[in-house]
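Peer 1:
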Amino acid sequence: GAVVSQHPSWVICKSGTSVKIECRSLDFQATTMFWYRQFPKQSLMLMATSNEGSKATYEQGVEKDKFLINHASLTLSTLTVTSAHPEDSSFYICSASPGNGETQYFGPGTRLLVL
Amino acid sequence: AQKITQTQPGMFVQEKEAVTLDCTYDTSDPSYGLFWYKQPSSGEMIFLIYQGSYDQQNATEGRYSLNFQKARKSANLVISASQLGDSAMYFCAMSSGGYQKVTFGTGTKLQVIP
């Protein structure tokens, strides 16, 4: 099956620092990847759609200058949380589809804790 | 706009019994896809099953089956012969409009009792 990886799986950082999270599709190419955020005991909320070779599309209420997304290749998308603050602490998870329009496969997620 | 509703915040089921997790959806698009994902405490999202809006038959994957009632706009997940390892959060989700963007429901926490 399709495999999506994320790195790192855990991040603890000081307030004000920037954190980069990588999402890779390991055995397929993905022109589109998605970034979600999940707070404890809540559902996944889509943050943005990452498009290879073009700008990301952000959901309403998501600050694009704070959450920088780069889709450098067909197998890699990165999310950078700039000047992270404690309220940014969350579980960040990416997904990608092989392009059959049917199933999205998720990465294992990244837990971010900002002190 | 599309919407997914899961009305059961939590469910209990006896081991080896079957359980149905409810999901209703709303969309104006004629073409859409319905998904169920399992999220154990580790956090990863595990794809379980997919149903296309034009699929004539209900989807099945091992012990998972999707009871697709198109007129009622429901897509309930049925897990047969529950196992202790089935204890997790279960999310119903939908994509529509020929676009891969997925909307999630609020989830149902399933606990399997020995």
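Residue numbers (my numbering), protein chains in the order written: chain A, 764 to 878; chain B, 763 to 876. Every residue gets a Cβ at the ideal spot worked out from N, C-alpha and C, and that includes glycine. Note that the structure is predicted; figures quoted are calculated from it, not measured.
#1: Count the CB pairs spanning the region 826-845 of chain B and the region 774-783 of chain B that are closer than 8 angstroms, and state whether there are at least three.
#2: Across the region 837-847 of chain A and the region 831-842 of chain B, are there enough close Cβ pairs to call them in contact, namely three or more that are closer than 8 angstroms?
#3: Whose C-alpha, out of A/T820, A/L809 and A/W798, is nearest the C-alpha of B/T865?
#4: Based on Cα-Cα distance, which residue from A/H770, A/S836 and A/A811 lies nearest to A/K829?
#5: Provide the residue(s) that pair with A/L839 in DSSP beta bridges, ordered along the chain.
#6: Start and end of the beta strand (DSSP E) containing A/M808?
#7: Could you work out which residues of chain B lie near A/I856, taking near to mean beta carbons separated by less than 9 angstroms?
#8: Quick one: residues in its chain with C-beta nearer than 8 angstroms to the C-beta of B/I811, no 5 flanking neighbours on either side, listed in chain order?
#9: Which of the three DSSP states, helix, strand or coil, is assigned to A/D828?
#10: What does the alpha-carbon distance come out to for the pair A/S836 and A/G816?
#11: Going by the CB atoms, is the gap between B/G869 and B/T767 shorter than 9 angstroms?
#12: Taking only beta carbons into account, state which residues of the region 818-834 of chain B come closer than 8 angstroms to chain A, listed in chain order.
#13: Are the beta-carbon atoms belonging to A/S788 and A/Y868 less than 9 angstroms from one another?
#14: Who are B/M878's beta bridge partners in DSSP?
Peer 2: Here's the rundown:
#1: Touching, yes, given that three or more Cβ pairs across the two stretches are closer than 8 angstroms.
#2: no
#3: Taking the first residue of the second sequence as position 1, residue 865 of chain B is located at position 103. If we check each option's Cα against that of B/T865, A/L809 comes out closest.
#4: For the purposes of this step, residue 829 of chain A is taken as the residue at position 66 of the first sequence. Checked all of A/H770, A/S836 and A/A811; the closest Cα to A/K829 is A/A811.
#5: To locate residue 839 of chain A, count along the first sequence from 1; it is residue 76. Looking at the DSSP assignment, A/L839 forms a beta bridge with A/R787 and A/S836.
#6: By one-based count along the first sequence, residue 808 of chain A stands at place 45. M808 to N814 is the span of the beta strand (DSSP E), which, as asked, contains A/M808.
#7: The count along the first sequence starts at 1 and reaches residue 856 of chain A at position 93. Those within 9 angstroms of A/I856 in chain B are G805, E806 and M807.
#8: On the second sequence, position 49 is the one that residue 811 of chain B refers to. These residues qualify, in order along the chain: F797, W798, A821, T822, E823, Y826, S827, L828 and L839.
#9: Translated into positions along the first sequence, residue 828 of chain A becomes position 65. A/D828 falls in the coil class under three-state DSSP.
#10: Indexing the first sequence from 1 puts residue 836 of chain A at position 73. Indexing the first sequence from 1 puts residue 816 of chain A at position 53. If you take the alpha carbons of A/S836 and A/G816, they lie about 7 angstroms apart.
#11: Looking up residue 767 of chain B in the second sequence gives position 5. Looking up residue 869 of chain B in the second sequence gives position 107. Against a cut-off of 9 angstroms, the Cβ pair of B/G869 and B/T767 comes out as no contact.
#12: none
#13: Taking the first sequence and counting its residues from 1, one reaches residue 788 of chain A at position 25. Taking the first sequence and counting its residues from 1, one reaches residue 868 of chain A at position 105. For the pair A/S788 and A/Y868, the CB atoms are nearer than the 9 angstroms cut-off.
#14: Residue 878 of chain B cannot be examined here, being either before or after the span of chain B that is shown, 763 to 876.
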